[in-house]
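One line per chain: the protein sequences are A and B, in this order.
Under the working numbering, think of the first position of the first sequence as 130, with each following residue one higher.
Under the working numbering, think of the first position of the second sequence as 118, with each following residue one higher.
Beta carbons are placed, not taken as given, at the ideal position from N, Cα and C, and that holds for glycine.
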Amino acid sequence: MPRRGDFRPFAARGRRPILAILLTFAAFSTVSVVSSISTTKRSQHRASVVEVAARQRTLAERYVKEVLLAREGARVDPRFTASILARSADALLDGGTAPPVYGDDDETKLSSATDATLRAQLGQERRLVVDLTNTGNALLANRSVARVPLTAHERLRMKDPVLRLRVLAALTSNVSLNAARTLASSTDRNINHLIVLQTVLGAAGLLASLLLGWALILATRRQTAHFRSLITSSTDLVVVLGTEGCRYVSRSVTRMVDRGEAELLGDGFEALLHSEDLAAVRSASGCGGPPEIVFRVLNTAGEWRHLEAHVTDLRQERWVRGVVLNARDVTERIKLEEQLTHQAFHDSLTGLPNRSLFRDRLDQALARAKRSGEFIAVLLIDLDGFKQVNDSLGHDAGDQLLSEVARRFKHVVRESDTVARFGGDEFALLLECVTEREVMAFAQRLLDGVAETVAIAGREISLGASIGIVLDPGSGHGEELVRDADVAMYAAKDAGRGRYEIFCPEMARKAGELLGVEHELRLGLQRGEFGLHYQPEIELATERIVGVEALLRWQSPTRGSVPPARFIPIAEATGLILLLGEFVLREACLQAAEWRRAGLVADSFVTWVNVSAKQLGNGTLGTVVRSALEAASLPPSVLGLEVTETAVVEDGIAGERARAELTKLHRLGVRIAIDDFGTGFSSLGQLRHFPIDMIKVDGSFVQGAVDDPKDAAITANLVNLAHALGLVAVAEGIESEGQLSSLQDFGCDLGQGYLFARPMPADQISELLATHRTELVDPDAAVA
Amino acid sequence: MRRLSSWLGRLTLVVLPVLAVVGCAEADTVSRAPNSLIRVSVKDFRIVVTPGHIPAGEAELVVTNHGPDTHELIVVRSRRSHLPVRLDGLTVDEEALHAVATVEGVAPKGVGRVRLHLAPGRYELFCNMAGHFMAGMHGNLVVG
Chain A
130 MPRRGDFRPF AARGRRPILA ILLTFAAFST VSVVSSISTT KRSQHRASVV EVAARQRTLA
190 ERYVKEVLLA REGARVDPRF TASILARSAD ALLDGGTAPP VYGDDDETKL SSATDATLRA
250 QLGQERRLVV DLTNTGNALL ANRSVARVPL TAHERLRMKD PVLRLRVLAA LTSNVSLNAA
310 RTLASSTDRN INHLIVLQTV LGAAGLLASL LLGWALILAT RRQTAHFRSL ITSSTDLVVV
370 LGTEGCRYVS RSVTRMVDRG EAELLGDGFE ALLHSEDLAA VRSASGCGGP PEIVFRVLNT
430 AGEWRHLEAH VTDLRQERWV RGVVLNARDV TERIKLEEQL THQAFHDSLT GLPNRSLFRD
490 RLDQALARAK RSGEFIAVLL IDLDGFKQVN DSLGHDAGDQ LLSEVARRFK HVVRESDTVA
550 RFGGDEFALL LECVTEREVM AFAQRLLDGV AETVAIAGRE ISLGASIGIV LDPGSGHGEE
610 LVRDADVAMY AAKDAGRGRY EIFCPEMARK AGELLGVEHE LRLGLQRGEF GLHYQPEIEL
670 ATERIVGVEA LLRWQSPTRG SVPPARFIPI AEATGLILLL GEFVLREACL QAAEWRRAGL
730 VADSFVTWVN VSAKQLGNGT LGTVVRSALE AASLPPSVLG LEVTETAVVE DGIAGERARA
790 ELTKLHRLGV RIAIDDFGTG FSSLGQLRHF PIDMIKVDGS FVQGAVDDPK DAAITANLVN
850 LAHALGLVAV AEGIESEGQL SSLQDFGCDL GQGYLFARPM PADQISELLA THRTELVDPD
910 AAVA
Chain B
118 MRRLSSWLGR LTLVVLPVLA VVGCAEADTV SRAPNSLIRV SVKDFRIVVT PGHIPAGEAE
178 LVVTNHGPDT HELIVVRSRR SHLPVRLDGL TVDEEALHAV ATVEGVAPKG VGRVRLHLAP
238 GRYELFCNMA GHFMAGMHGN LVVG
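Below you can see the structure in the form of structure tokens.
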């Protein structure tokens with residue numbers, strides 16, 4: 130609800146009084162016209178009445194003459210005149226048609242008389258007409274006129290009948306004349322009233338005109354003041370450009386450029402425009418369009434301010450004769466847009482182009498290469514060992530390292546080349562107009578640059594890089610080139626890291642297979658194509674089954690039974706090993722619980738599960754193990770985890786996290802075994818500090834223990850080492866009685882291998898446990 | 118203050134003569150106050166004079182028209198003979214008489230006034246509109 134005094138420049142202030150004045154005008158005009166018409170009509174009617182009334186006088190005198198002539202025998206008809214007199218008298222009083230008088234006038238339509246005085250006079254006139262005509266008739270009939278009854282109150286004492294008739298005629302004539310005078314004076318009064326009314330209305334109209342003019346002037350001045358204040362106080366900039374240059378600038382413009390209005394008018398405004406924007410402003414000034422333009426103006430501080438202007442073509446407007454630019458200073462917005470654009474296409478850490486900008490430049494380079502026939506090269510660079518730096522020294526150190534590497538890359542490449550960071554420790558390089566030899570030289574310089582030591586967090590760090598290269602003559606697609614370079618980079622990693630590889634189709638085929646297997650692995654996990662087989666572990670001294678090792682099996686509908694050696698590396702590489710490991714733990718625990726419930730195993734029976742380095746380093750192993758144990762209601766002591774020695778002795782945060790995880794689980798009661806012991810490069814001294822219960826001697830040593838003295842010695846020493854550390858020694862891959870005998874001689878505690886049993890499904894293990902609780906050695910199984 | 122006193126002085130100069138004139142007029146009116154009031158009622162076609170006898174001197178004649186038509190009133194001294202009539206036979210020959218007073222056209226419901234000085238004698242009052250005298254509109258007044 131607007132309040133009185135509010136600033137409302139476009140509101141209807143002043144409109145109400147103007148409307149009131151106009152309505153007054155209309156009312157005055159209506160009253161004037163209606164009263165004029167009414168008075169004129171009444172005057173017209175009264176003129177008719179006056180005419181008829183005046184005619185009565187003539188008729189009365191004519192009647193007397195005709196009566197006198199008739200008495201002398203003349204051919205006249207006084208009765209006809211008498212009838213006209215009587216009918217006219219009736220019409221004058223009560224309205225109707227006054228009959229015509231031959232040779233004189235036409236019939237006249239009259240309304241009934243309304244004025245009381247007039248009616249009294251016309252009534253008297255009618256009575257006198259009656260008296261007159263009755264007297265005339267008596268005279269014509271030679272009757273005594275003295276006996277004619279008089280109705281108009283006259284007291285006629287004269288004896289002469291003719292004089293009597295004439296007196297009556299005179300009275301009739303007189304009263305008719307007086308009635309006409311009354312009417313005329315009434316008309317005069319009405320006309321006088323009309324004149325007075327029109328004079329008053331005219332004066333009022335004049336006054337209203339003056340008021341209207343005054344109100345309009347006030348309203349116009351108010352609106353003008355509002356608009357002036359709007360324009361002068363507005364931060365928007367208003368410029369009017371005409372054929373002769375600038376015609377008007379608002380105060381905000383003069384403030385911005387700190388120039389007087391006179392300096393800006395004419396060519397002065399154009400002198401402050403950026404030369405690149407001059408054409409756009411001149412075009413807008415000349416054509417009245419486009420509707421929006423952006424141009425730059427030099428302000429007082431010497432900065433180019435970006436103005437976004439709405440262009441309004443008012444060249445045809447008589448009072449403007451120009452193109453109006455309503456402009457806003459959008460410098461800050463444009464700066465922000467540029468900043469956002471830069472952020473959208475650049476890496477915030479290194480300032481290098483990001484993947485999006487790289488792809489854009491790659492597409493442009495491909496188009497140029499297609500035209501020129503020159504080769505372009507895409508190099509994808511992944512830093513080797515960066516993760517360890519990040520994990521061990523922290524992310525700040527990692528960021529510093531990435532910045533330094535980016536600086537070195539920029540130093541190596543040409544100005545026209547593009548170095549981009551795709552994220553993490555992955556960089557990309559786009560080279561144009563290069564040969565394979567030049568690309569290789571570039572790649573080598575990049576490797577050399579990365580290999581130079583960097584001082585980060587007080588430590589000298591040296592990195593390597595794996596570089597994948599793809600060369601293309603402009604025929605390829607950007608996305609394909611990046612993918613191929615990625616494949617080549619992984620090939621470089623596979624080939625030993627710290628090197629570059631140029632993409633070839635064979636790499637793509639291998640990568641495609643990898644991707645295919647990964648997809649099938651995911652599907653298989655969803656479809657339940659994975660299952661567990663179990664291989665018994667035998668106590669060599671008693672040949673009792675004291676545990677089982679759970680082994681993952683994949684029954685693919687397309688590939689058949691896939692050996693773990695085929696799909697485990699892929700699962701490791703793709704991260705699927707985490708899901709598979711969780712599956713194995715959960716299933717093995719449930720199965721162990723089932724055996725325990727069935728009374729098939731002793732309380733000390735241990736189910737062993739293999740755990741990969743990725744699971745250990747992931748940080749979620751403890752949660753997964755506890756969850757699996759809880760789900761199966763198993764005590765932790767009946768679950769064993771087999772880990773590789775490399776996973777345990779790994780440097781960096783991942784290794785520390787793995788050791789901490791294992792320690793926690795060991796404290797919980799979970800058994801820990803080192804798998805494939807003897808094949809890694811772990812420091813034997815470190816083993817003392819690890820939470821281990823058991824070491825499993827790799828099958829390669831066991832199988833040579835009978836024929837190869839070195840293997841036999843290694844096996845014997847590993848068993849002794851385990852015992853020296855207070856650990857249980859397990860021999861893997863026992864396939865013959867001789868091997869069993871040797872191991873028994875070495876004092877090995879436990880063993881597993883085809884000699885005892887192959888890995889088999891859970892139900893077969895159940896049967897085995899049921900029938901061979903104490904003794905398992907089956908020579909036939911060993912042969913098979 | 119000086120301007121105010123000057124203004125008051127001028128006002129006194131204007132107002133005093135006006136008051137003097139008004140006072141004289143009042144005195145004159147008082148000196149000519151009529152001794153008698155003669156009421157004359159006229160209507161179609163009769164004249165009634167009330168009272169019919171008044172003392173001589175100043176008198177005021179008030180004519181009231183009760184009739185529907187317009188009338189007039191002429192006052193003349195009575196003669197031994199009838200009032201002379203014009204050749205038309207319808208109106209009194211006013212030129213042959215000396216009218217003591219005349220009240221011209223009194224409209225219906227209208228009132229006409231005249232002041233006159235009446236010497237002792239008989240007076241005749243009549244309406245001389247065409248035919249009105251003949252129709253009976255005349256009356257008498259005795260003065261003295």
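{"Item": "Taking CB distances under 8 angstroms as the criterion, tell me whether L207 (chain B) reaches chain A.", "Value": "yes"}
{"Item": "R284 (chain A) touches chain B at which residues, Cβ-Cβ below 8 angstroms?", "Value": "F162, R163, A252, G253"}
{"Item": "Can you tell me where the alpha helix (DSSP H) holding T311 (chain A) begins and where it ends?", "Value": "290–362"}
{"Item": "Taking all protein chains shown into account, decide if K743 (chain A) is buried (16 or more other Cβ within 10 angstroms of its Cβ) or exposed.", "Value": "buried"}
{"Item": "When the cut-off is 8 angstroms and only beta carbons count, does L312 (chain A) lie next to chain B?", "Value": "no"}
{"Item": "Who pairs with Q664 (chain A) in a beta bridge, going by DSSP?", "Value": "A:E678"}
{"Item": "Is L188 (chain A) close to chain B? Criterion is C-beta to C-beta, closer than 8 angstroms.", "Value": "no"}
{"Item": "Quick check on this structure: which residue in B:L214, B:E221, B:P172 has the alpha carbon closest to the alpha carbon of A236 (chain B)?", "Value": "B:P172"}
{"Item": "Give me the DSSP bridge partner(s) of M889 (chain A).", "Value": "A:Y663"}
{"Item": "Given G676 (chain A), which residues of its chain have a CB within under 8 angstroms of its CB, disregarding the five upstream and five downstream residues?", "Value": "P665, E666, F734, V735, T736, W737, G769, L879"}
{"Item": "Beta-carbon separation of A299 (chain A) and G253 (chain B) under 8 angstroms?", "Value": "no"}
{"Item": "Measure from the C-beta of N263 (chain A) to each C-beta in chain B and report whether the shortest distance is under 8 angstroms.", "Value": "no"}
{"Item": "With distance defined between alpha-carbon atoms, name the residue in B:G227, B:E221, B:K226 nearest to L242 (chain B).", "Value": "B:E221"}
{"Item": "Suppose the cutoff is 7 angstroms on Cβ atoms and the five residues either side in sequence are ignored; what does the same chain contact list for V767 (chain A) look like?", "Value": "A721, F734, V735, T736"}
{"Item": "Check each candidate in A:L188, A:R628, A:A149, A:A408 and name the one with the smallest Cα separation from L512 (chain A).", "Value": "A:R628"}
{"Item": "Could one say the Cβ of T187 (chain B) lies closer than 8 angstroms to chain A's Cβ atoms, at least one of them?", "Value": "yes"}
{"Item": "What residue range does the beta strand (DSSP E) around I843 (chain A) cover?", "Value": "Run containing I843 (chain A): none in the beta strand (DSSP E); it sits in the alpha helix (DSSP H), 838–853."}
{"Item": "What in chain A is Cβ-close to P201 (chain B), meaning under 7 angstroms?", "Value": "The premise fails here: P201 (chain B) is roughly 16 angstroms from chain A at the closest Cβ pair, so nothing lies under 7 angstroms."}
{"Item": "Counting only the same chain and skipping the five closest in sequence on each side, list residues whose C-beta sits under 7 angstroms from that of A717 (chain A).", "Value": "L661, A679, T736, V738"}
{"Item": "Please list, in chain order, the chain B residues whose beta carbon lies closer than 8 angstroms to that of T246 (chain A).", "Value": "P185, A224, P225, K226"}
{"Item": "Is the shortest distance between the beta-carbon of G248 (chain B) and the beta-carbons of chain A less than 8 angstroms?", "Value": "yes"}
{"Item": "Do A498 (chain A) and V452 (chain A) have their CB atoms nearer than 8 angstroms?", "Value": "no"}
{"Item": "So the beta strand (DSSP E) R239 (chain B) belongs to, where does it begin and stop?", "Value": "238–243"}
{"Item": "Any Cβ of chain B within less than 8 angstroms of the Cβ of A337 (chain A)?", "Value": "no"}
{"Item": "Let me see if you follow: with CB-CB separation under 8 angstroms, is M287 (chain A) close to chain B or not?", "Value": "yes"}
{"Item": "Report yes if the CB atom of A621 (chain A) is closer than 8 angstroms to the CB atom of E630 (chain A), and no otherwise.", "Value": "yes"}
{"Item": "Nearest to P225 (chain B) by CA position, among A:R490, A:L306, A:T311, A:R272, is which residue?", "Value": "A:T311"}
{"Item": "Looking only at C-alpha atoms, which of A:R284, A:A281, A:H282, A:K288 sits nearest to S273 (chain A)?", "Value": "A:K288"}
{"Item": "Give me whichever residues DSSP pairs with Y629 (chain A) in a beta bridge.", "Value": "A:I596"}
{"Item": "Which residues in the same chain as M385 (chain A) place their Cβ atom closer than 8 angstroms to its Cβ, once the five residues preceding and following it in sequence are excluded?", "Value": "L366, V426, N428, T429, R434, D458"}
{"Item": "Give the residues of chain B in contact with A249 (chain A), contact being defined as C-beta atoms less than 7 angstroms apart.", "Value": "P185, P225"}
{"Item": "Closer than 8 angstroms is the cut-off here; do at least three beta carbon pairs connect the segment 869–883 of chain A with the segment 850–861 of chain A?", "Value": "yes"}
{"Item": "Which same chain residues, not among the five before or five after L707 (chain A), have their C-beta less than 7 angstroms away from its C-beta?", "Value": "K743, Q744, N747"}
{"Item": "Quick one: residues in its chain with C-beta nearer than 6 angstroms to the C-beta of T671 (chain A), no 5 flanking neighbours on either side, listed in chain order?", "Value": "none"}
{"Item": "Taking only the alpha-carbon atoms, compute the straight-line gap between A144 (chain B) and K238 (chain A) and give it to the nearest angstrom.", "Value": "Confidence at A144 (chain B) is low in this model, with a pLDDT of 39, below 50, so its placement is unreliable and the value that follows should be read with caution. One C-alpha to the other measures close to 59 angstroms."}
{"Item": "What residue from B:H170, B:R196, B:G261 has the CA that sits closest to H215 (chain B)'s CA?", "Value": "B:R196"}
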